[in-house]
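Notes follow once the structure below has been shown.
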Amino acid sequence: LLDRRLLFFTGKGGVGKSTIAAATALLASRIGKRVLLVEVDAKGDIPAQFERAPVGFAPKEVHPGVLAMAMDTEASLQEYLKLNLRVPVLGRVGPLARALEFVATAAPGVKEILTIGKIAWEVRESIEGRADYDLVIVDAAATGHIVAQLGAADSIRELVDVGPLRNQTQWVSDMLADPQITAVNIVTTPEEMPVAETIDLVRRLRAEVEVPLGSVVVNRVLPELFTRADEQTFEALRAPDGHALLTRRVGAGATAVLDGARLAVSLRRTRAVHLEELLQAVDLPLMYVPYLFVRAHGLRVTRMVADALGEELGL
Amino acid sequence: VTRETTRFAPRRRHDDAPTTLEQLLAAKEVVVFCGSGGVGKTSVAAAAALGASARLGAKVLVLTIDPARRLATALGLEGIGNLAHQVPPEVLKRAGIEARGELWAAMLDTKQSWDDLVLRHAKDEETAYKILDNRLYHNLTARFVQSHDYIAMERLFEIHAGGEYDLIVIDTPPTRNAIDFLEAPARMADFFGGRLLRWLTLPYRVGGKRGTRVLSVASRPFYQMADRVLGSKFLEDIAEFFLNFQSMYGGFVERANAVEKLMHDKRTTFAVVTTLEAAPLHEAERFCGELVARDFHLGALVFNKTLPDSLLDPAGEAAATACIEDAAAIADGLVEVGEEALADPSRTARVLRTIGESYRNFSVVALRETELRAELARVPDVVARIPTFEDDIGDVEGLAAICNYLYPVAN
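Those sequence lines, one after another, are chains A and B. The opening residue of the first sequence carries number -15 in the working numbering; numbering runs sequentially from there. The opening residue of the second sequence carries number 115 in the working numbering; numbering runs sequentially from there.
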């Protein structure tokens, strides 16, 4: 996975996309790669994974070997105009921004192409040696929006009949379709809605856009507490005689401990059903990240997730 | 699963402020449920509606946006589009709910709602069909996520104006940014009323004939640039679309303003749903702040999928420690029980250590949850807490279970 040049991480909101994207970047940096992390939502979640302040459109180092940038479609448009049409930097940015907002409201694809175009441009720069990244990792739009984003280059060609934009989107489509370069990964948790959206997204991505799919990362997987034999022992502890004796030895708190373990078992079991659905419906490689029972956020968690991903990838 | 529901004392209260969801909803006509995706907002909204119909004896409509398939089936919502229909009383009865009122359910069909809106506001049929056929319109309605925000509000207004229900419970679309939803009506009015629209379509209006490309001397570098980037056909499409759309301006803006007014009306309240995970909680916090800052009524905060308080019991912690540290000795003693599954002390000891460690793991999470909950719970009038259920909620029985926590029986 880390040998590609462009990795997208998408998934339902709240499943931990940013954490997985950041941890993958950290992991890549550990094996000596330089990574550009692109935050599409620009909420500051990516720098937060490294305990750093929000970043802007210009890439900034957030960790040794990891640079981060926040997507900004207006800045992307300016850059595009400057680079491609040799239009000088515009004096009046205000009207441009408002006009962009306006056109984008009615013509979806405009904003998306500025996002995907900027990402593809950075990848091309890195491949051709003009930028010193080995890998671009995108904390991408959520499941509801990612298809439109990945397909933006294609849909703009449907809308725009002539003009430079049409010609300049073909290479973007080609790059996104190249399995040597690109992989779209989906982050999920073993819960009903995230799994349903993942299954649906895999189907839609295959049907509607030409992009190679990478892995499904299953985040927050609860540990299996017992083997089958151990579970019988647990049930015997919960039965009246076992429970009474345990209470005599460890106090009244025995009930809370047994109930807690029971909850852990049933949560794991419900999630296992969803995992099974996922396995049945999706033929992509799965990577598991365990549920982390820690109070911390930030870099420590990012490191722990990177460790887990490293194990899954055999690094 | 704990059977108690915690309510926190709000920081600032009016003397007549409600303390339960039942009291809150009895005084309202519209309740808007918001929160990040994946927090169980749809189930909570449906349960709140179910409870209101049962407790208040009211005719309640739940308008959902994107329910999970099982829930849609449970409510009988499959394939009915924008039409509201009543959840049969026998379905509720089977789930142990004796409804004094009526529970109705409807789903939001964005495309159909937009089409209805255009047909209502366009100045004539020809313009309406011109708009409906424009490819930009298809993009706007079918693919553009943010248009759901506005159309949900619009539908809500329409149903409320119909006066058919005592209470309307609306589930909001999954937005990337919950605040977008609040701004949707104002943005829509702004969109159609702005000078920018006139400015952008200027070259197409000069010469008096729509769609005729007469570039006046007044043409600014912007058009030349846009032309070079986008191609003139595309610009013409955009202009035509906007010009047609603009003819609906009056009706649209009036409507958007009315929707905005309904949101601020004292008959409307907002309920924020969140789990205690970092991302949804962060969003909920921001959203609560925005609601208050913009003078919307934040009526309730619902914590969903919370862990039981027994995980924070000091006696539990002591027992967990004993299970880990004295596992071998306790296991030896448990042989006495005479159960075959307890006959092997090494296996029993392993299980004891496992359950002790699991208790400690989950109590770390439960403690974090309690702190987070306490921080947020000071703002709204009503705070409800729903535990983690062993199974996912996907049927009316599940909704009934949520109801017990939303509407706790007074002691």
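Using N, Cα and C, we set each Cβ at its ideal position, and we do this for glycine too.
Whole angstroms is fine: what's the gap from R190 of chain A's alpha carbon to K1 of chain A's?
-> 21 Å
Would you call P428 of chain B buried or exposed, if buried means 16 or more other Cβ atoms sit within 10 Å of its Cβ?
-> exposed
Cα-Cα, which of A:G(-3), A:T211, A:I121 is closest to V465 of chain B?
-> Residue A:T211 is the option with its Cα nearest to V465 of chain B.
Start-to-end residues for the beta strand (DSSP E) that takes in N203 of chain A | Where N203 of chain A is concerned, the enclosing beta strand (DSSP E) starts and stops at 197 to 205.
Beta-carbon neighbours of Q154 of chain A, restricted to chain B and to distances below 9 Å | Result: empty, since nearest Cβ-Cβ is about 15 Å, beyond 9 Å.
Rounded C-alpha distance that separates H199 of chain B from K95 of chain A | 39 Å
4 or more residues per run - each alpha helix (DSSP H) lying fully within the segment 420 to 457 of chain B | You should have 428 to 439, 441 to 448.
Could you check the C-alpha separation between L189 of chain B and R269 of chain B for me, to the nearest Å?
-> 19 Å
Determine the direct distance from the alpha carbon of R499 of chain B to that of T134 of chain B, and round the result to whole angstroms.
-> Take the alpha-carbon of T134 of chain B and the one of R499 of chain B: they are about 12 Å apart.
Three-state secondary structure (DSSP) of P274 of chain A = Three-state result, P274 of chain A: strand.
Just how far apart, CA to CA, sit P178 of chain A and M271 of chain A?
-> Rounded to whole angstroms, the gap between the alpha carbons of P178 of chain A and M271 of chain A is 15 Å.
Own chain residues within Cβ distance below 7 Å of G113 of chain A, not counting five before or after | none
Is the CB of L11 of chain A under 8 Å away from at least one CB in chain B?
-> no
Give the range of the alpha helix (DSSP H) segment to which L98 of chain A is assigned.
-> 94 to 111
Using a cut-off of 9 Å between C-beta atoms, extract the partners of E511 of chain B located in chain A.
-> Ordered by position in chain A, no residue passes the 9 Å Cβ test against E511 of chain B, which lies about 15 Å from the chain.
Starting from the beta carbon of L242 of chain A, find every residue of chain B whose beta carbon is closer than 8 Å, and list them in chain order.
-> I469
Nonlocal neighbours in the same chain, by C-beta distance under 8 Å from G365 of chain B, ignoring five residues either side = R234, H235
What are the boundary residues of the beta strand (DSSP E) that includes R499 of chain B?
-> 496 to 501
Name, please, each residue of chain B whose Cβ falls closer than 8 Å to the Cβ of K(-4) of chain A.
-> G151, G152
Does the beta carbon of D116 of chain A sit closer than 8 Å to a beta carbon anywhere in chain B?
-> no
Of all the CB atoms in chain B, is at least one closer than 8 Å to the CB of Q133 of chain A?
-> no
C-alpha gap between I284 of chain B and K17 of chain A, whole angstroms = Between the alpha carbons of I284 of chain B and K17 of chain A lies a gap of roughly 48 Å.
Count the C-beta pairs between the segment 429 to 437 of chain B and the segment 390 to 408 of chain B that are closer than 8 Å, then say yes if the count reaches three, no if not.
-> no
So is L456 of chain B in contact with chain A if we call contact Cβ pairs under 8 Å?
-> yes
Of all the options B:F359, B:A213, B:V497, B:D263, which has the alpha carbon lying nearest to the alpha carbon of V386 of chain B?
-> B:V497
At what residues does the alpha helix (DSSP H) containing G226 of chain A begin and finish?
-> Taken as a continuous stretch (DSSP letters only), the alpha helix (DSSP H) holding G226 of chain A covers 224 to 234.
Where DSSP assigns a beta bridge to W218 of chain B, which residues make up the other side?
-> B:L175, B:Q200
Is there at least one Cβ from chain B nearer than 8 Å to S250 of chain A's Cβ?
-> With 8 Å as the cut-off, S250 of chain A counts as an interface residue toward chain B.
Who are the neighbours of L21 of chain A on chain B, taking C-beta pairs under 8 Å?
-> Simply none; closest approach about 17 Å.
Count the other CB atoms within 10 Å of the CB of P86 of chain B; is the residue buried (16 or more) or exposed (fewer)?
-> Given that chain B is displayed from residue 115 to residue 525, the structure contains no residue 86 of chain B and the question cannot be resolved.
Close beta carbons around E261 of chain A, own chain, < 7 Å, minus the five adjacent residues each side = V179
Cα separation between I30 of chain A and A168 of chain B?
-> 45 Å
Anything in chain B within Cβ reach of E219 of chain A, meaning under 8 Å, just list it in chain order.
-> A455
Pairwise C-alpha distance: L197 of chain A and R482 of chain B = 36 Å
N-terminal and C-terminal residue of the beta strand (DSSP E) that N169 of chain A is part of | Unbroken beta strand (DSSP E) run through N169 of chain A: 166 to 172.
What in chain A is Cβ-close to E475 of chain B, meaning under 7 Å?
-> Note that residue 475 of chain B corresponds to Asn in the displayed sequence, not to Glu. Neighbours of N475 of chain B on chain A, chain order: F277.
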